[in-house]
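Take any residue in the sequence shown, count from 1 to its spot, add 2: that is its number in my numbering. Note that the Cβ used here is the ideal one computed from N, Cα and C, for glycine as well. Written below as structure tokens is the structure these notes are about.
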Amino acid sequence: MAYAFRVSKNPAEFLQALTQAASRLMAGGLVAFPTETVYGLGANAEDEAGVKRIYLAKNRPADHPLIVHIAHPSDLDHFASAVPDYANDLMRDFWPGPMTLILPRTKNAKDFITGNQETVGLRIPNHPVALALLLAYKNQGGHGIAAPSANRYGSVSPTDAKAVETELGDHLDADDMILDGGTSEVGLESTIIDCTGLSPKILRPGAITAEMIEGSTSMVVADPSTNSIRVSGSHAKHYSPKARVIVGSEAQAGEGFIALSDHPTPIGAIRLAEPSNNDEFAAVLYSALRAADEQNLNVVHVLPPEGDGIAIAIRDRIQRAAAG
Ligand code: TXA
Ligand code: MG
Numbered sequence: 003m004a005y006a007f008r009v010s011k012n013p014a015e016f017l018q019a020l021t022q023a024a025s026r027l028m029a030g031g032l033v034a035f036p037t038e039t040v041y042g043l044g045a046n047a048e049d050e051a052g053v054k055r056i057y058l059a060k061n062r063p064a065d066h067p068l069i070v071h072i073a074h075p076s077d078l079d080h081f082a083s084a085v086p087d088y089a090n091d092l093m094r095d096f097w098p099g100p101m102t103l104i105l106p107r108t109k110n111a112k113d114f115i116t117g118n119q120e121t122v123g124l125r126i127p128n129h130p131v132a133l134a135l136l137l138a139y140k141n142q143g144g145h146g147i148a149a150p151s152a153n154r155y156g157s158v159s160p161t162d163a164k165a166v167e168t169e170l171g172d173h174l175d176a177d178d179m180i181l182d183g184g185t186s187e188v189g190l191e192s193t194i195i196d197c198t199g200l201s202p203k204i205l206r207p208g209a210i211t212a213e214m215i216e217g218s219t220s221m222v223v224a225d226p227s228t229n230s231i232r233v234s235g236s237h238a239k240h241y242s243p244k245a246r247v248i249v250g251s252e253a254q255a256g257e258g259f260i261a262l263s264d265h266p267t268p269i270g271a272i273r274l275a276e277p278s279n280n281d282e283f284a285a286v287l288y289s290a291l292r293a294a295d296e297q298n299l300n301v302v303h304v305l306p307p308e309g310d311g312i313a314i315a316i317r318d319r320i321q322r323a324a325a326g
């Protein structure tokens, strides 16, 4: 069982916790940490034994590639090569932020990170604790922190430290760490953009939308349905609670219900969230799905928001939660 460490606002204690966590990573240990999207389960991206422990803790198939988190765009060259101009535009506009770029790898991005592919996924998260951890880690000689979402394979991504403890507490060692940095603001995983072609291609929708990418790069974004690159999040069933997720508003008495606040709760249903806009919907979706399990509900009905922007990512996650 690992211990959850609430990161102190006291500067000296803050620095001490981050230095300790960075040392833990350098020693081959695991550190779960907050990002603005969801919590990640981190290991030294260049330490095969440490990365293997991520797969064991998550029960994740070994050929699924991991995102490498870096501190600064200048750290990108260590892991990636042949960066197209449009990827530089995206980095300038959206890093640090909820965006992962898939780029051709260097020899430092080993098969155990890339799932034997010739590409690597990179991201600079926008969260003060994640950025401070990445800097402390860099000061100790580290280059990148490999971190998938800190949940068991196929289950709902954690958006707070308590959810990490629930998911992985039994699968971490005593000196692994869970850094508690509050609730993730975005609440859905990063937008993944394939930057290996002539123009950007979205592999997983997120808070950085197609319109934003087109605005940044002045390019047309390729249709996500045409991709052949393996993305674990694109498997049919993912992000699923134990409760059965049904898309729609026909909740019966005793069943869970999640919808925008202007949709009334069906009689007898248990309202798990009533976000007043789409950003809020994204931020509370995963904790509401978790709440269904905490309350031992068998069924939860989710009414997806309409429209573009982040609503596309919300619908994507709801559909996957309901698949299978
Ligand atoms: O917001 C996020 O991206 C969070 C936080 C912790 O940064 N991380 C996250 O990691 O969602 P994970 O492992 O749960 O999802 C990463 C996705 C997987 O679907 C994986 O297949 C894909 O990124 N991916 C990673 N490297 C890739 C590559 N080289 N080519 C294609 N897909 C890749
Ligand atoms: Mg995940």
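query: Classification of G309 by the beta-carbon crowding that lies within 10 angstroms, buried from 16 upward; result: exposed
query: Whole-angstrom distance between S251 and E257, CA atom to CA atom; result: 11 Å
query: L58 burial status per 10 Å Cβ neighbour count (16 or more: buried); result: exposed
query: Neighbourhood of I56 by C-beta distance below 6 Å, restricted to the same chain and skipping five residues each side; result: L43 and A45
query: C-beta neighbour in chain B for Y139, strict 8 Å; result: No chain B appears in the structure shown, which is made up of a single protein chain.
query: N298 burial status per 10 Å Cβ neighbour count (16 or more: buried); result: exposed
query: P207 beta carbon near ligand 2 (any heavy atom closer than 7 Å); result: no
query: Nearest candidate by alpha-carbon position, reference N208, set Q22, S25 and V40; result: Before going further, note that residue 208 is Gly rather than Asn in the sequence given. Considering only alpha carbons, the answer is V40.
query: Local conformation of K239 per DSSP, three classes; result: coil
query: Rounded C-alpha distance that separates M28 from P307; result: 43 Å
query: Contacting residues, own chain, Cβ-Cβ under 8 Å from V131 (five flanking each side not counted); result: V9, L20, F35, P36, L181 and G183
query: beta-carbon S159 near ligand 2 non-hydrogen atom, thresh 7 Å; result: yes
query: CA-to-CA distance, V247 to E187, given in whole angstroms; result: 23 Å
query: Pair within 8 Å by beta-carbon distance, V223 and I204; result: yes
query: L17 burial status per 10 Å Cβ neighbour count (16 or more: buried); result: exposed
query: Contact check, M101 vs P75, beta carbons under 8 Å; result: no
query: Under the three-state DSSP convention, the category R232 falls into; result: Residue placement at R232 cannot be trusted, given a pLDDT of 41 that sits under 50; what the coordinates show is reported in the next sentence. DSSP places R232 in coil when its eight states are reduced to three.
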